Structure formats: structure tokens, C-alpha cells
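If you're matching them up, the sequences are chains A, B and C in order. Positions 172 to 437 (the numbering used here) are the ones given, in order, by the first sequence. Positions 1288 to 1646 (the numbering used here) are the ones given, in order, by the second sequence. Positions 152 to 417 (the numbering used here) are the ones given, in order, by the third sequence. In what follows, a single structure is set out as C-alpha cells and then discussed.
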Amino acid sequence: MLLTYDRMGGLKVVLWVIAVAVCIFLLVPIIFIIALSFGSSKWLAFPPPAWTLRWYQDLATDPRWLTAAFTSLKIGLLVTICSVLLGVTASLAVIRGRFPGRQFLRGLFLTPMVLPVVVFAVATYLLFLRVGLGGTLIGFVIAHTVLAFPFAFITISTSLESFDKSIEDAAVLCGAPPIVAFLKITVPSIRLGLLSAALFSFLISWDEVVVAIFMASPELQTLPVLIWAALRQELSPTIAAASSILVLITLVLMMIIAALRRRLAE
Amino acid sequence: MSQPFLLIQDLRKLFGEVAAVDGVSLQVRKGEFLSFLGPSGSGKSTTLYAVAGLYNPTSGDVMLDGRSILGTPPHRRNIGMVFQRYTLFPHLKVAENIAFPLRVRGWTTTDIARRVEEMLALVRLEGYGSRMPAQLSGGQQQRVALGRALAYDPPVLLMDEPLSALDKKLRDEIQVEIRRIHQTTGVTILYVTHDQEEALRLSDRIAVFNHGRIEQVGTGRELYANPATRFVAGFVGDSNFLMVSSVIAGPGGRAAVTLPDGSAFQDIPFHASSRETTTGGAELMVRPQAVRFSPGAQAGLPVKIKDLTFLGDTVSALLTTQWGQEFWLRMPAQEVGSHAAGQDARVTWNADGCHLFQT
Amino acid sequence: MALPALLLMVIFFILPVAALLLRSVTEPEPGLQNYRELFATSTYTRIFLNTFLVAGITTVVTLVIAYPVAWLLAVLPGRKAMIIFAIILLSMWTNLLARTYAWMVLLQRTGVINKTLMHWGLISEPLPLVNNLTGIIIGMVYIMLPFIILPLHSAIRSIDPAILQAASLCGAGRWQSFRRVLLPLSASGAAAGALMVFVMSLGYFVTPALLGGANNMMLAGMIAQLIQSLLNWGLGGAAAFILLVVTLGLYGLQIRLFGNALAGGR
């Protein structure tokens, strides 16, 4: 009766102890950085001797952090748009199209998910060096779109697959032009898939480090690149403050996704 | 009966506030085939699971051969069980499934091999030992499960609606097998089902469950001829229930009743709980098979024939009383005569096909 | 409709990766000398061994820790499971650099863990927990836990509890039921998760680079260094090709053995 919760007896206790320990293990670093970011010690003493908002003030007044955050946001939004548009068109073709090689295309579109990012990063780096896209905004957007697109594709094609196309056909037969039928009937039905795809795409670009390290120039740096550079020099509490803000953003996005799920379930 | 082989004593199981089993007591003889019959949620499976040790009862006791087994964990109870769902170990071959209980009991390889062959022969699946469960049909899987449960010679075999996932034809076939296996092995069987036909066909005795209690225990014939409660009368066999306006109890557990239209019937058997004379709150149960059209037009209950259907050698008719209650009649086709749908008629019944119940 | 996505994939994914791999057999001159050099130089072979060692240890440790958690989640009723899931997802989606930063601070010589252990008198001088393989493995286990808990959870959940009840009635005690029934039935889920974690660990760049220090380079770090700092593009391409072949080979194996379950890696 190892799978009947009420009849597991002492085993239940053992599993709980391990699970709680794992949860603590998973939570400790996250709580720890947040605590550190409010601590007054420059050398990250813990527990901190006093509490302060100084590191957040440093962040808010340092133009480098602000510029980087703005750059990340700009790239993230552009990537989101590109990746969702490509995801929609590619999903329509693969799910609704009737041409040979659709399965191959599907596999190809998902490959960037399994390829080690570092291989893609150095390959792109070399290509962009040659064509002059290195260190440019458009270069960043292209590279991040390649990484984000598979997630958008898989999310959108899954929801498109579960949407019955005959509903859209019915709208066309009622006299709606195909494009209107698609926008008014299909898009609202798969909106959760579209939203998840958008959030995933944004988060992937926003958090992406490896490609960004190779792509960045002194003039164009994303937030992760700045944190990476700072980390390699010293473990300053400013990074804790920046990290805490990133944790907060993740938390908010997760809650949005959860709320969307719940609303759609109703 | 001397000391019962299996004894269930005032068993209760609460799930939160709800009593799934509410004071069940039962005595089972060695080698008996006893069915738990009842609708879903009546507590029959929960009682079985308490015997298996898969649930701990809230109170009460289960004794096997004079000793309480409640303190024994299921894997030491040495009880066999066949489940409603397919529970063969999907990663083990058929022979390994049957060998499983023997292996955990530390039998030698030769003993196990011999026993597995015996069991495959018992459930008529010789030559299937090296198949995987997924390659078997549902009926074959349940037969292997039966072989696995009997391999270690358990004193009691529990079966929890083992045939409910199978289609009718297969069910009939396996019922015959189960009957045969019970006779060859002599194992005591507790069998849960919601199918009265299955219970009647298989069991020595039947315990009828309702709302967490046992309403009546007896052979199929007893339950049919002498239902103790209105529920048993309705659940075992077909039945009609008619309103009664007054009852006058007579000697020998028999009563005279008057129906709402004034028709009177004598000599109706009634159950102990409805002994006092009453003017309402009673119902007359009439088996459809006991109802006949009166030969003359004067005697019997006046009815209107709403519908009349020929079913080969029998005829089934839907009748309406003068006060608007509908009930059924079933009789041999050759006795119908000239009666037809839409006509008025009068019916009588054999008093032994009737029972009076207090509501 | 699939054309835009296809163009993006071909021009900015397949082309650069192919060009990188081509360099491995053309630079500095045509031939296989880059591969010969990789396998003949002890520095490089040590990095290969380290990478496989770390990936292997990470996989085993993660699997052992994850199993009880996945098990508990599979039997736990409703709300409590939701909380554990939320913690797992939060940690999974929190910015990678933020999490790694936290471990750098926690594990350093003067970090909280060393201080606490010394305070309790368990050790007399700080343990070297960072800038070595220990640090890498702690960080990697932390990152990989969700990737094994989630698939393992669904594998255990798909086992009918009645099968374990049947084992119990057959006379199998807890240990026998576990060893002979639960473990074999969940083995394919565990193996699928483990293989995925192993593959992801092989190509991981950020965490080993930050927690391993300069002396404990892993394969991904080596590729980055060869290309970006040493400008030895041929050798870097060769190393990338080896990583690519191993990764795709293992994923191919995974799909053959367990069906298609893709997940991302950074």
C-alpha cells in the first residue's frame, strides 16, 4: 500500500521529512538573497548587523543598471512579439497544413530546446562577427527569438490542436472572411496558449545569459550580462538587490499564469 | 452452527462524519460462498476492504478461526483478493505474477514452478505463463488474478466486483469458472457485487447491503420468497408496490388489506415489523409473476391495461389501478386469452407472491 | 505559413551551427587534427572526464533526492501538494544567475554554511565548498531537481494504487512491495528523467563557470574559452561538435526508449 497516503504509516513521515528538507533546500537561496539585499553589510555578513535600502538606492541611481534593465525589457518585448507571431504561423502550417515533411518540421522547430545553448551561442557569435550583427539590438532579438520560438511553438500548437477547426469553418460559412474568422473565433479560443507562449518567450529572453554574454558589447548590455560581469568581480550586495527584483518579477509572472489558468478553468 | 469460521462483529467505518459501514455483523461458514449484494455506496466494498485490511474499521471486530485479525497488517493476513480493477503487476509475466506471493513467502524455485503450473491449470490458462498481462484480455487477466490470489492456499478469498469491467457474455463464462473453482478448492469466498443475477447464480448465501447496514442474510430462495424489508423485496427479483388504505392483522402472520379503491385481499403474509393494525403507511409488494387476469369479470382488482407486450413464451403488461398507480404483470403467453391493450380487466394474485411492508 | 519560422531556423540556427562544425575540420587547415589534439591533450581529456563525472554524480544525487519527493507528491491529496509544487516551480523559474549567486555567497569560506557548521563545532576550519567540483555539484543538483521531480511524479502517479494493494495482500511487506513492484514500475520514468538531467548537465555553462572557479572548467566553459578568448575556432568547433553529438545521441536514445519528452536547458 505504498501509494495509499492514509495507509503509509511511518513511511509517510520519512517522505515528509525528505520533502520538507528539499523544499527548504529549494527555498533557502531565494529567501537568503532577499534577506541579504536588505542587509547593511558590504561583505554579506549574515545575519546582517542592520537593515538598509541602500543597495536598492544604488541600483536606482546607477545608470548602468537602469540602462541594462531597459535594454532587457526592450529586447524581451521584441522577442515576445516575434516569437509569438512565428509560433502562430508555424503552428498553423504544421497543425493544419497537409504537406509532406510536417513531422520533420515539427522536430526541427523543437531542436533549439535540446541543443546545448553554449554551442548555439558560440556559433551565433562567430556568424554575427562576420555579418556585423554582434553587439546590436537586432542581433540580440534574432538570437533570443531562436531560443524562445520552440517554447512558443509547442505551446501554441498544443492549444491549436485541441481547437476544433470546424468552428472556424462555420464562421466562414456564415459569411466571415477567413482572416476575420481566424481573429474573431480562433484567436480568442486559444488565447491562454498565446498568453503562455508570450510569457514564456519574454521570460526566456529576460533571463537568458549565455548567448547574451557572447553578444554583448560595452554599449549594449542586458541585465543578466551586467550581473554576470559583476559576479565575476565581486559578490557585492547590489547584485543581491538586483537578484531580488528578478525573483519578484518571476513571482508576479507565475501568479499571472496561475490566475489565467484558474480563470480559464471556470 | 458451531463456532463460525469468519466472524464480522458490529463493524463501523466512518469517513469524516459519514458512516460508510454502520454496524455490520455477519457469520460465515468454512467453505461457504457468500455474496455482498447492494447498490453502490451501500458499504459492501468497505466491509470487504476491512476484512482485507486495506481499511482500518472505526470500531468492531473481524475474527478468523476465533482470533481477531484487525491487528495483523494485510500482507500477513494470508487472505487472497481479486480486485475490480486489473491489478496484475504489469512488468511481470503471467507466471511471475502467480509466483509473486510464493516468492515473497520464500518458496523454493521447484515448488514455485510446480504450483504455478497447477494454478494455470486451475484457471484454464495453461501455456499462457510467458505472456505479459498487457497481452491478455480483461477476462484472462482476472483469471490470472484469481490464480495469483489462490496460489498460496488462503483460507478466505475476497472478490470485489471482479467481473464488472467485462461484457455480459464473458461474465457468464467466468461465473461458471468461479463456481467450478470454488467447488474444487473449497475456499471460503466473500464476493461483492451489485448484480443480483450474479449473486443468485454464484452464492450459497447473500447478504443484502443498504446504507451501510445488512438488511437481510439468506439463500437466494429465502430472500426472494421471504424478503425481510421493502428494500430487499425491491432489490432481489422484480416487484410492484401498491398503496394500502387499511390493514387488519390476522393469525399466523397473515393480514387482510384494503386497497384505496375498496378492493379487499385476505391472507397476505406480512413481516414482523408491521404486525400492528394500521390505516396507512403500509405498502403491498406484489411480484409481477404472481399477478393473473381473473377468469370471471366480477372478482379481483379492476385495472386498465395500458400496454401489453409479447416476449415469446411470456407476456408482460403494464396496468393502471383506478387510483392511478401503475404496476406490472408477467404471465405465460397461453394464459392471456383475449385481453388487449386499452381494455379494462380485473386481476388477482397468489397470496404467496405478496408481502406487506410498513413504510 | 511556416516559411518565416523555417527561414529563421535555417539562417540563424542551422547555418551558424553547421559553419562552426565545419570550422572544426577546416581550420587552421583541412583535416581531423583538431579532434586528434582534443583527445591527445591531457588538459582537454581531463575536462571531458570532469564533465562526465559531474554530470553523472549530479544525476545520481538528484535522482536519489527527487524520488521520495516525487513519491510523496504522487500520493499527497490536494492542497499540500499544491504548495510543494509552487515551491518547485518558483525555484525552477527564478533567474539562474540569482540562484547561482545565492549559492556562491552561501558556500564561500566565510559563508553562512561554513560559519554555522563551525559554530556548532562540527568542523574546526571552513570546508572548501566552492570553486571546486563540490560547489558545481551542489549548484547543479539544485537546478536539476525540478527537472527530475516533475516527470518522476507523473510516472509514479500513473501507477494504479490498487496494484500496490494487491502486492500487499499477496504477502509483500513494505520493502518487498517497493523493490519488486513500485521501483520497477517507476523505473522507466526515473530513467527518462535521469537521462534528461544527465544530458542537460553535460552542456551546462553558467553554474559550473561561477561555482567551479578557474581550475574546474567543464566542457561548455572550455568551448566558450576556446572560441572567445583563445580564438582557436577550429578546436572550439571540434569540442562543440563532440558535445552536440553526445547530446543529440542521448536524446535520440531517450526518444527511442521513453517517447518524446522535451525540456529546456541553459
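Built from N, CA and C at the ideal position, the CB exists for glycine as well. Note that the coordinates shown come from a computational prediction; the quantities given were computed from them, not determined experimentally.
{"Item": "Closer than 8 Å to chain A by CB, leucine 1335 (chain B)", "Value": "no"}
{"Item": "Residues of the segment 266-289 of chain A whose Cβ lies closer than 8 Å to any Cβ of chain C, in chain order", "Value": "Gly268, Leu276, Leu279, Phe280, Leu281, Thr282, Pro283, Met284, Val285, Leu286, Pro287, Val288, Val289"}
{"Item": "Closer than 8 Å to chain A by CB, leucine 1341 (chain B)", "Value": "yes"}
{"Item": "Candidates B:Arg1541, B:Ser1329, B:Leu1407, B:Val1315, of which the one nearest valine 1443 (chain B) by Cα", "Value": "B:Val1315"}
{"Item": "Inter-residue CB distance, valine 289 (chain A) and alanine 371 (chain C) (contact presumed, cutoff 8 Å)", "Value": "4 Å"}
{"Item": "Neighbour list for threonine 307 (chain A) in chain C, Cβ cutoff strictly below 8 Å", "Value": "Chain C residues near threonine 307 (chain A): none, gap ~13 Å exceeds 8 Å."}
{"Item": "For lysine 1300 (chain B): DSSP bridge partner residues", "Value": "B:Val1308"}
{"Item": "At least three beta-carbon pairs within less than 8 Å, the segment 1374-1384 of chain B to the segment 1471-1489 of chain B", "Value": "no"}
{"Item": "Cβ-based neighbour list, arginine 1562 (chain B), same chain, cut-off 7 Å, excluding 5 preceding and 5 following", "Value": "The predicted position of arginine 1562 (chain B) is uncertain, since its pLDDT is 47 and thus under 50; no value can be drawn from it."}
{"Item": "Residue(s) in a DSSP beta bridge with glutamine 1503 (chain B)", "Value": "B:Val1495"}
{"Item": "Spatial distance of glycine 286 (chain C) from phenylalanine 203 (chain C) (CA atoms)", "Value": "16 Å"}
{"Item": "Interface flag, proline 1344 (chain B) vs chain C, CB-CB below 8 Å", "Value": "no"}
{"Item": "Sequence-distant residues of its chain with Cβ nearer than 6 Å to leucine 1453 (chain B) (five each side left out)", "Value": "Gly1425, Gly1426"}
{"Item": "Contact under 8 Å by Cβ, histidine 1642 (chain B) with methionine 1572 (chain B)", "Value": "yes"}
{"Item": "Beta carbon proximity, proline 220 (chain A) to chain C, threshold 8 Å", "Value": "no"}
{"Item": "Inter-stretch contact at 8 Å, needing at least 3 Cβ pairs: the segment 309-318 of chain A / the segment 377-396 of chain A", "Value": "yes"}
{"Item": "Test: isoleucine 314 (chain C) CB closer than 8 Å to a CB of chain B", "Value": "yes"}
{"Item": "Leucine 320 (chain C): first and last residue of the uninterrupted alpha helix (DSSP H) it sits in", "Value": "312-320"}
{"Item": "Nonlocal neighbours in the same chain, by C-beta distance under 6 Å from methionine 1350 (chain B), ignoring five residues either side", "Value": "Leu1294"}
{"Item": "Proximal chain B residues relative to glutamine 327 (chain C), where beta-carbon distance stays under 7 Å", "Value": "Val1391"}
{"Item": "Local conformation of serine 1561 (chain B) per DSSP, three classes", "Value": "Legend: pLDDT at serine 1561 (chain B) = 45, less than 50; position of this residue unreliable, value from coordinates given subsequently. Residue state, collapsed to three classes: helix."}
{"Item": "Every unbroken beta strand (DSSP E) inside the segment 1327-1377 of chain B [3 residues or more]", "Value": "1346-1351, 1367-1369"}
{"Item": "Under the three-state DSSP convention, the category glutamate 1650 (chain B) falls into", "Value": "Lying before the first or after the last residue shown, residue 1650 (chain B) is absent from chain B, which here runs from 1288 to 1646."}
{"Item": "First and last residue of the uninterrupted alpha helix (DSSP H) at lysine 231 (chain C)", "Value": "229-244"}
{"Item": "Whether alanine 160 (chain A) touches serine 262 (chain A) by CB criterion (8 Å)", "Value": "No information on residue 160 (chain A) is available, as it lies outside the stretch 172 to 437 that chain A covers here."}
{"Item": "Alpha-carbon to alpha-carbon, glycine 247 (chain A) and leucine 424 (chain A)", "Value": "14 Å"}
{"Item": "Nearest candidate by alpha-carbon position, reference glycine 439 (chain A), set A:Thr421, A:Ile427, A:Thr409, A:Ser360", "Value": "The requested residue 439 (chain A) does not occur in the structure, where chain A is confined to residues 172 to 437."}
{"Item": "Coil, strand or helix - leucine 424 (chain A) by DSSP", "Value": "helix"}
{"Item": "Inter-residue Cα distance where the pair is isoleucine 416 (chain A) and methionine 269 (chain C)", "Value": "32 Å"}
{"Item": "Phenylalanine 190 (chain C) versus methionine 295 (chain C): straight-line alpha-carbon distance, rounded", "Value": "29 Å"}
{"Item": "Member of C:Ala323, C:Ile288, C:Leu284 whose CA lies at the smallest distance from the CA of valine 212 (chain C)", "Value": "C:Ile288"}
{"Item": "Local conformation of leucine 382 (chain C) per DSSP, three classes", "Value": "coil"}
{"Item": "DSSP three-state assignment for histidine 1642 (chain B), whether helix, strand or coil", "Value": "strand"}
{"Item": "Three CB pairs or more closer than 8 Å across the segment 287-307 of chain A and the segment 369-383 of chain C", "Value": "yes"}
{"Item": "Beta carbon proximity, threonine 316 (chain A) to chain C, threshold 8 Å", "Value": "yes"}
{"Item": "Chain C within 8 Å of threonine 1374 (chain B), Cβ atoms only", "Value": "yes"}
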